[in-house]
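Colleague: Dumping the structure here so I can ask a few things about it.
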């Protein structure tokens, strides 16, 4: 979504977006779908010293209808954490509450019943190669009381949702990665789950296919009232579809919040590293430090970073302040991120002019932004 | 045709009734032993996989004991196994000689071998697929029958093909207990009576038999996607 011009910033002001409010089309919030309480997972080895603490004391609440992102570099424990939700990995301690019931206290039989209500898709799709697309989707319907005809209808319905009706008779080896993931999604939805776990579901796909799958997930959330938990190492995925995000590092959740808040005001270094992967602003800041001459700065110039979120007015503030205070303001970098469909703008501008006027202009400038940071004074 | 055969393989034509009898004895021994071994081999192979560390019915004790028993039995040469098993064969089959007496040691020797073949075929089933089945709420039995035995079928057929060919080789030693069969026939006539043509024809027949079995195996396992 980079590459938009700064003109969009003017439009941002018109759109009255409240960061505590979900964008249109979202579901009623506030119902706790899944609650993780102090979940720890330790993989024991014979040598106690070398035991791996994959998840350390994670507590999270995921609400009904959310797309909750869990982001982290590989080895951060995010895959283990998501497996703790449906108890593919049994937590060493802590509890997993879904719909008010503690999964860790269930019998095997109860757990299997509950798992039917939690769909899961994987990075490598995990389809059964000996079964056709149709049979893969029909797999979880085995043992249900549906008649054969109803099962067939159900499978074809699911294949229609993911847009693969014509591939019903094909084998997984005859499908592309994106198609395989669609089959996996259809299979995961067969038992009408309320929750869908996505373990790096787009990591093995190309950018275009990733977009298609993400759009499909968004549509499914609205259509089937799903709660989606999405594990990824790609910030681009998180900012596009997630309502909230948790950042994991060394088995802990180090930062958690609404996607907009996390993105516009990251608290942890690791969160900033992730955000850096989707914008170019850090590169410009780097350039200012190492080779400011390349930007043609003169003595007395003040370089300022300006963050502007959708709920702040920013209409033509640059040209207005420039006129009112008689200072030159030049924009050397501008970027608009779309966070879950809401714009978040960043600019790097240079103030040039008489010192007092520049100070006054800066003070005024701050009022129009959600955050202003003086990067350097030349 | 028969004139030509009489010319190049006179002893084979002379002993033709013994040959046909031996041929069917081989089929009987291999067939019965293969069918019985298949049942036990699949059972033990599945047990090995599901009780392995990280398996769907993890059980350290059963796994390591079964693993060791299989290794021990695979280490004993077949000829010695026949001798060792004599009393047990008499107990189980009612006799320790003849074709019947040969089948029991064949099974005992083949089960561990086939169990390993099944084990390695099932190990090749993608762990991710097992995990997906678990995530869909499948229990261990469902996973065994609907995932392992189905996804691993291609590998299992390849293992079975190797096992049957191996059984044919082993059945040649059944002559030790008067079990008959093509191997016994070739030794008695071809080797002991120096009728080289018998040995050669027997080899050709065995070669054809093995080729047919291998081809059937290839076709069946290739059908699995």
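Protein chains in written order, with the numbering used here: chain L, -5 to 372; chain S, 4 to 228. The beta carbon of each residue, even a glycine, is placed where N, CA and C say it ideally should be. Predicted model only: the values in this text are computed from it and were never measured.
Assuming contact is defined by CB atoms lying nearer than 7 Å, are residue 204 of chain S and residue 12 of chain S in contact in what I supplied?
Modeller: Within the second chain, the letter at position 201 stands for residue 204 of chain S. Within the second chain, the letter at position 9 stands for residue 12 of chain S. It is a contact, given that the beta carbons lie within the stated cut-off.
Colleague: What is the DSSP secondary structure of residue 84 of chain L, counted as helix, strand or coil?
Modeller: Counting from 1 along the first chain, the entry for residue 84 of chain L is found at position 90. Reduced to three states, the DSSP call for residue 84 of chain L is coil.
Colleague: If I measure Cβ to Cβ from residue 199 of chain L and keep anything under 8 Å in the same chain, skipping five residues before and after, which residues do I get?
Modeller: Position 205 of the first chain, counted from the start, is the residue given in the question as residue 199 of chain L. Once the five neighbours on either side are set aside, the close Cβ partners of residue 199 of chain L are 171, 172, 175, 207.
Colleague: Indicate the three-state DSSP secondary structure (helix, strand or coil) for residue 345 of chain L in the structure shown.
Modeller: The sequence position of residue 345 of chain L within the first chain is 351, counting from 1. DSSP places residue 345 of chain L in strand when its eight states are reduced to three.
Colleague: To the nearest angstrom, how far is the alpha carbon of residue -2 of chain L from that of residue 236 of chain L?
Modeller: Position 4 of the first chain, counted from the first residue, corresponds to residue -2 of chain L. Position 242 of the first chain, counted from the first residue, corresponds to residue 236 of chain L. The predicted position of residue -2 of chain L is uncertain, since its pLDDT is 43 and thus under 50; no value can be drawn from it.
Colleague: So residue 171 of chain S and residue 111 of chain S are supposed to be a Cβ contact under 8 Å. How far apart are they, rounded?
Modeller: Within the second chain, residue 171 of chain S is the residue found at index 168, counting from 1. Within the second chain, residue 111 of chain S is the residue found at index 108, counting from 1. With a Cβ gap of about 17 Å, residue 171 of chain S and residue 111 of chain S do not count as contacting.
Colleague: Under 7 Å, do residue 85 of chain S and residue 180 of chain S count as touching if we go by C-beta distance?
Modeller: Walking along the second chain from the start, residue 85 of chain S turns up at place 82. Walking along the second chain from the start, residue 180 of chain S turns up at place 177. It is a contact, given that the beta carbons lie within the stated cut-off.
Colleague: One question on the structure: do residue 69 of chain L and residue 232 of chain L come within less than 7 Å of each other, judged by their Cβ atoms?
Modeller: Residue numbering aside, residue 69 of chain L sits at position 75 when the first chain is read from its first letter. Residue numbering aside, residue 232 of chain L sits at position 238 when the first chain is read from its first letter. No, they are not a contact pair.
Colleague: Name the residue from S:68, S:21, S:165, S:176 whose alpha carbon lies nearest to the alpha carbon of residue 83 of chain S.
Modeller: Indexing the second chain from 1 puts residue 83 of chain S at position 80. Checked all of S:68, S:21, S:165, S:176; the closest Cα to residue 83 of chain S is S:176.
Colleague: Would you mind reading off the limits of the alpha helix (DSSP H) that contains residue 146 of chain L?
Modeller: Working through the first chain from its first residue, we reach residue 146 of chain L at position 152. Here the alpha helix (DSSP H) through residue 146 of chain L covers 142 to 155.
Colleague: Taking any Cβ of chain L, which residues in the stretch 120 to 139 of chain S have a Cβ under 8 Å from it, in chain order?
Modeller: Within the stretch 120 to 139 of chain S, the qualifying residues are 129, 131, 132, 134, 135, 136, 137, 138, 139.
Colleague: Run through chain L and tell me which residues come within less than 9 Å of residue 142 of chain S, C-beta to C-beta.
Modeller: As a first step, residue 142 of chain S is located in the second chain; it is residue number 139 there, counting from the start. Neighbours of residue 142 of chain S on chain L, chain order: 102, 103, 106.
Colleague: Below 8 Å on the Cβ atoms is my guess for residue 31 of chain L versus residue 91 of chain L; work out the distance and round it to an integer in Å.
Modeller: Along the first chain, read from residue 1 onward, the residue named residue 31 of chain L stands at position 37. Along the first chain, read from residue 1 onward, the residue named residue 91 of chain L stands at position 97. Yes, they are in contact, since the Cβ atoms of residue 31 of chain L and residue 91 of chain L sit about 7 Å apart, within 8 Å.
Colleague: Looking at residue 315 of chain L: is its Cβ nearer than 7 Å to the Cβ of residue 358 of chain L?
Modeller: As a first step, residue 315 of chain L is located in the first chain; it is residue number 321 there, counting from the start. As a first step, residue 358 of chain L is located in the first chain; it is residue number 364 there, counting from the start. In contact: residue 315 of chain L and residue 358 of chain L (Cβ atoms closer than 7 Å).
Colleague: For residue 285 of chain L, count neighbouring Cβ atoms within 10 angstroms of its own Cβ and tell me buried if that reaches 16, exposed if not.
Modeller: One-based indexing of the first chain puts residue 285 of chain L at position 291. That one is exposed.
Colleague: Checking contacts by CB at 7 Å: is residue 87 of chain L closer than that to chain S?
Modeller: Sequence index remark: in the first chain, residue 87 of chain L carries index 93 (1-based). For residue 87 of chain L, the answer is no, since every Cβ of chain S falls outside 7 Å of its Cβ.
Colleague: At the 7 Å Cβ level, is residue 62 of chain L part of the contact set with chain S, yes or no?
Modeller: Your numbering for residue 62 of chain L matches position 68 in the first chain. Not an interface residue.
Colleague: Please classify residue 114 of chain L: does DSSP put it in a helix, a strand, or coil?
Modeller: The residue you call residue 114 of chain L lines up with position 120 of the first chain. It is a strand residue.
Colleague: Below 8 Å, can you find three or more Cβ-Cβ pairs linking the stretch 66 to 84 of chain S to the stretch 137 to 153 of chain S?
Modeller: Touching, no, given that fewer than three Cβ pairs across the two stretches are closer than 8 Å.
Colleague: At a threshold of 6 Å, does residue 159 of chain L count as lining the ligand ZN (C-beta to nearest heavy atom)?
Modeller: This structure does not include the ligand ZN; it has no bound ligands of any sort.
Colleague: Alpha carbon to alpha carbon, how far is residue 182 of chain S from residue 28 of chain S?
Modeller: Position 179 of the second chain, counting from 1, holds the residue named residue 182 of chain S. Position 25 of the second chain, counting from 1, holds the residue named residue 28 of chain S. Cα to Cα, the separation comes out at about 8 Å.
Colleague: Can the beta-carbon of residue 47 of chain S be found closer than 7 Å to that of residue 118 of chain S?
Modeller: Along the second chain, one-based indexing puts residue 47 of chain S at 44. Along the second chain, one-based indexing puts residue 118 of chain S at 115. Yes, Cβ-Cβ distance for residue 47 of chain S and residue 118 of chain S is below 7 Å.
Colleague: Taking contact to mean at least 3 C-beta pairs separated by less than 8 Å, is the stretch 107 to 121 of chain L in contact with the stretch 186 to 200 of chain L?
Modeller: Result yes; three or more Cβ-Cβ pairs closer than 8 Å.
Colleague: Which one or two residues does DSSP pair with residue 35 of chain L in a beta bridge?
Modeller: Within the first chain, numbered from 1, the residue matching residue 35 of chain L stands at position 41. Per DSSP, L:49.
Colleague: Cβ of residue 187 of chain L less than 7 Å from any chain S Cβ?
Modeller: Working through the first chain from its first residue, we reach residue 187 of chain L at position 193. No, no contact with chain S.
Colleague: Give a yes or no on whether the minimum CB-CB distance between residue 154 of chain S and chain L is below 7 Å.
Modeller: If you number the second chain from 1, residue 154 of chain S lands on position 151. Yes, because at least one Cβ of chain L sits closer than 7 Å to the Cβ of residue 154 of chain S.
Colleague: With 7 Å as the threshold, decide whether the Cβ of residue 109 of chain L is near any Cβ in chain S.
Modeller: As a position in the first chain, residue 109 of chain L is number 115, starting the count at 1. Answer yes: the Cβ-Cβ gap between residue 109 of chain L and chain S drops below 7 Å somewhere.
Colleague: Using a Cβ cut-off of 8 Å, pull out every chain L residue sitting near residue 150 of chain S, in sequence order please.
Modeller: One-based indexing of the second chain puts residue 150 of chain S at position 147. Correct list: 122.
Colleague: So, helix, strand or coil for residue 240 of chain L, using DSSP?
Modeller: Locating residue 240 of chain L in the first chain gives position 246, counting from the first residue. The answer is strand: DSSP assigns residue 240 of chain L an E or B state.
Colleague: Kindly say whether residue 338 of chain L, judged by its beta-carbon, lies nearer than 7 Å to any beta-carbon of chain S.
Modeller: As a position in the first chain, residue 338 of chain L is number 344, starting the count at 1. For residue 338 of chain L, the answer is no, since every Cβ of chain S falls outside 7 Å of its Cβ.
Colleague: Quick one: grab the DSSP three-state call for residue 371 of chain L.
Modeller: Your numbering for residue 371 of chain L matches position 377 in the first chain. Three-state DSSP puts residue 371 of chain L in a strand.
Colleague: Taking just the CA atoms, how far does residue 27 of chain L sit from residue 244 of chain L?
Modeller: Sequence index remark: in the first chain, residue 244 of chain L carries index 250 (1-based). Sequence index remark: in the first chain, residue 27 of chain L carries index 33 (1-based). Rounded to the nearest angstrom, the two C-alpha atoms are 26 Å apart.
Colleague: Between which residues of its own chain and residue 353 of chain L is the CB-CB distance below 8 Å, once the five residues before and five after are set aside?
Modeller: Translated into positions along the first chain, residue 353 of chain L becomes position 359. So no residue of the chain qualifies.
Colleague: Which first and last residues belong to the alpha helix (DSSP H) in which residue 51 of chain S is found?
Modeller: In the second chain, the residue the question calls residue 51 of chain S occupies position 48. Here the alpha helix (DSSP H) through residue 51 of chain S covers 19 to 54.
Colleague: Which one of S:208, S:140, S:124 has the shortest CA to CA distance from residue 101 of chain L?
Modeller: As a first step, residue 101 of chain L is located in the first chain; it is residue number 107 there, counting from the start. Out of S:208, S:140, S:124, S:140 has the C-alpha closest to the C-alpha of residue 101 of chain L.
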